[in-house]
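Heads up: the sequence lines are chains X and H, in that order.
Going by the numbering used here, the letters in the first sequence line up with residues 1 to 334, in that order.
Going by the numbering used here, the letters in the second sequence line up with residues 1001 to 1334, in that order.
In this text, a Cβ means the ideal position worked out from N, Cα and C, and glycines have one as well.
2 protein chains.
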Amino acid sequence: MIYNDVSQWVKNEGEEPIVLSSRVRLARNLDHVLFPTVASANDFKVVQDYVHPILSSQYDELSMKDVTAVERLMLVEKHLISPTLTKNSEGSVYISKEEDVSIMVNEEDHIRIQTLSNTLDIEALYNQALAIDQEIDQEVNYAFDEKLGYLTSCPTNLGTGLRASVMLHLPALAMLDKMPQLNYSIQRFGFLVRGIFGEGSRDLGHVYQISNQVTLGKTEQDIIDDLIYIVHNVINQEKEARQALYNHYEVQLEDQFLRSYGILKYSKLIDLKEASQRLSEVKLAYDLGMIETKPFNFHEMMVKIQPAFIRYKTNENENLYRAQLIQQHLTMKQ
Amino acid sequence: MIYNDVSQWVKNEGEEPIVLSSRVRLARNLDHVLFPTVASANDFKVVQDYVHPILSSQYDELSMKDVTAVERLMLVEKHLISPTLTKNSEGSVYISKEEDVSIMVNEEDHIRIQTLSNTLDIEALYNQALAIDQEIDQEVNYAFDEKLGYLTSCPTNLGTGLRASVMLHLPALAMLDKMPQLNYSIQRFGFLVRGIFGEGSRDLGHVYQISNQVTLGKTEQDIIDDLIYIVHNVINQEKEARQALYNHYEVQLEDQFLRSYGILKYSKLIDLKEASQRLSEVKLAYDLGMIETKPFNFHEMMVKIQPAFIRYKTNENENLYRAQLIQQHLTMKQ
């Protein structure tokens, strides 16, 4: 399942097309073991020995040493592990059947608990992560300071150890060049806008992640409440931008989007950047009722067209396979 | 017919897809009337009075004064009159039912006899034009000099008054950037390469006209023989260029051509230049067996997408109508 398809919760689309996913992550460390950034092979083993009995009965374990380079990258593309974990062969990840929970061990921190969903119910994701956290807490001693809170490898995670993020499809704000301004105003609240895979992936398919920058000096509830407030605000801005685009450029937009559809439908070779942009445009056109395609799951497509996802399936030319894949999924209504 | 559709001989495609059309033109003037470049309204009338009785029973007459600006441009787009004739309201044209003969009166010269076809049989076109020439010659006195031959307004037409030209679809030579070199070598033989509508239209749909530059000091037979020799040579070069493209860039070409098909099939707005280029690419792909479209007549499409042709049909946005028109004509084989 993990290597053959996108996660089930991605396949089941959420209610709001602008929201692709929400994610909560808790960073935790054991208090008597060196942190992974300075740990030895033996330290990694100690962590594993603590965690394995707690998690292995409930989750599938994947040890990085048993996983090929392509498979590691696929797990990153599915947001089940971080790029950091791919670099540590002593690391491992525990994944739920539905692929909506992943617990990384020996990543930048000893334990990173992550929960994912296709809705905006971050509260529920947090509670789900917290339950796992408490289960582990009963068996280990976390590195915790009365004043600072949970201790982490990187000071940006200190305190709550909580990172909550929402992945949004914001094509209209991007087309109207509103993203820098949005990013600026969000930063003032201690939140960040990044691309689909964090820094450096900005603009791929007009997909953006909004997450808290600050983990210290705010309660978990405040972080979650502020994120939900900001995300609702951004969704409204995107909706207004879509309406503005539609009102001012209807025919030109329809031309642009239909051309993108035509290219997706007939190209023989298509790279990731172009495919992402054109899929985003067709999705926007679909959401605006400008193109009568059969419903298609944009998030699912954005995962399936990623390089490692394709490399795992085929030795064919990546751009050739990507074009064929899109053509199988995208169809106009007759 | 003239304003509602393309000429019948264009609809009946020729045998060689690279050859769109051949054309022969004879320039003639009456010897006792001022040439059109310096003529008065009365001189124009004198010419008309001579020519009308000879031609009006065999051909449909269109006087420029009865023809709207859009209709004049359409006649140019159909190659039935020259841009020069559109500027003289005292001018007129006699056109055969099949639109394969057009005789312009009071253009740059008093009489210009033109014959057109979709084959390379320039000999037959010349004989057809000559028969009309002789019919007129029986009733009028041509301006003719024993030493110089037929006298014309512009010295470039002096002598035989013959211009023979062939319109070719040369996408592979154009894509390989061979046209400047080809033009250079052809000029050395006294021939010229121009775009589909003469100078300034270069590159529109990769359609090129090859015609003789010299009308003096060569017999009609030499001009025709040389043209046929050169055209056969160019056709062979184009065929070699197509094979070279196919051998070296098969997948990339297929991608480029299929994208052009997709854009033609789905764009909402398309301008003349882009439509011409993409139709040319799809036609090349069809000729190379790379795209399985239903057969389509490239020459016919190149006429139908011209601005005046569209303006006559509709008051809608030109680019909108052009896109719809192409979508009606272009279909993939199922």
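| Item | Value |
| --- | --- |
| Selection from Leu75/X, Asp271/X, Leu253/X that minimises the alpha carbon distance to Lys1268/H | Leu253/X |
| CA-to-CA distance, Ile263/X to Phe1011/H, given in whole angstroms | The residue you asked about is not Phe; residue 1011/H is Lys in the sequence shown. The straight-line gap from Cα to Cα measures roughly 30 Å. |
| Reference Arg188/X; option with closest CA among Leu158/X, Ile210/X, Ile81/X | Ile210/X |
| is_contact[Leu1269/H, chain X] using C-beta, thresh 8 Å | yes |
| Own chain partners of Ile122/X with C-beta closer than 7 Å, once the 5 adjacent residues on each side are dropped | Ser22, Val24, Ala164, Ile224, Leu227, Ile228 |
| CB contact below 8 Å: Glu254/X versus chain H | yes |
| Cβ shell of Asp287/X (< 7 Å), same chain only, five flanking positions each side left out | Pro17 |
| Environment of Gly1289/H [buried if 16+ CB atoms lie within 10 Å] | exposed |
| Beta-carbon proximity of Ser1117/H to Leu1125/H, cut-off 8 Å | yes |
| Cβ-based burial, Met1354/H [other Cβ within 10 Å; buried from 16] | This structure gives no information on residue 1354/H, because the portion of chain H shown stretches from 1001 to 1334. |
| Residue-chain proximity (Val251/X, chain H), Cβ-Cβ < 8 Å | yes |
| Environment of Asn29/X [buried if 16+ CB atoms lie within 10 Å] | buried |
| Distance between beta carbons of Tyr94/X and Tyr59/X, contact taken as under 8 Å | 4 Å |
| Distance between beta carbons of Val1231/H and Val1166/H, contact taken as under 8 Å | 5 Å |
| Continuous alpha helix (DSSP H) assignments of at least 4 residues falling wholly in the stretch 1149 to 1216 of chain H | 1171 to 1175, 1179 to 1187 |
| Entirely enclosed alpha helix (DSSP H) segments - the stretch 1250 to 1292 of chain H, minimum 4 residues | 1272 to 1287 |
| Under 8 Å from the C-beta of Gly289/X: neighbouring residues of chain H | What Gly289/X touches in chain H: nothing, since even the nearest Cβ is about 15 Å away. |
| Secondary structure of Gln114/X, DSSP reduced to three states | strand |
| Neighbour flag for Leu284/X against chain H, beta carbons, 8 Å | no |
| Cutoff 8 Å: Arg194/X Cβ touching any chain H Cβ | no |
| C-beta neighbour in chain H for Arg354/X, strict 8 Å | With chain X covering only 1 through 334, there is no way to say anything about residue 354/X. |
| Bridge partner(s) assigned by DSSP for Met302/X | Answer by DSSP bridge pairing: none, since Met302/X is not bridged. |
| Nearest-angstrom Cα separation, counted from Glu1071/H out to Gly1091/H | 14 Å |
| Ile113/X vs Leu26/X beta-carbon contact at 8 Å | yes |
| Chain H within 8 Å of Ile405/X, Cβ atoms only | This structure cannot speak to residue 405/X, because chain X is shown only from 1 to 334. |
| Short CB-CB distance (under 8 Å) between Lys265/X and chain H | yes |
| Member of Glu61/X, Asn157/X, Met74/X whose CA lies at the smallest distance from the CA of Ser96/X | Glu61/X |
| Range covered by the beta strand (DSSP E) that runs through Ile1081/H | It is not in any beta strand (DSSP E) - Ile1081/H carries neither H nor E in the DSSP assignment. |
| Interface flag, Gly1091/H vs chain X, CB-CB below 8 Å | no |
| Closest residue to Lys78/X among Val46/X, Glu13/X, Gln181/X, Ile196/X (Cα-Cα distance) | Ile196/X |
| Chain X within 8 Å of Gly1262/H, Cβ atoms only | yes |
| Residue of Leu168/X, Gly149/X, Asp145/X, Ser280/X minimising C-alpha distance to Val234/X | Leu168/X |
| Neighbour-count burial assignment, Tyr1184/H, 16 or more Cβ in a 10 Å radius | exposed |
| Spatial distance of Leu1330/H from Tyr1312/H (CA atoms) | 22 Å |
| Residue closest to Leu1085/H, alpha-carbon to alpha-carbon, out of Asp1100/H, Met1074/H, Met1064/H | Met1064/H |
| C-beta contact flag for Glu238/X and Leu173/X at 8 Å | yes |
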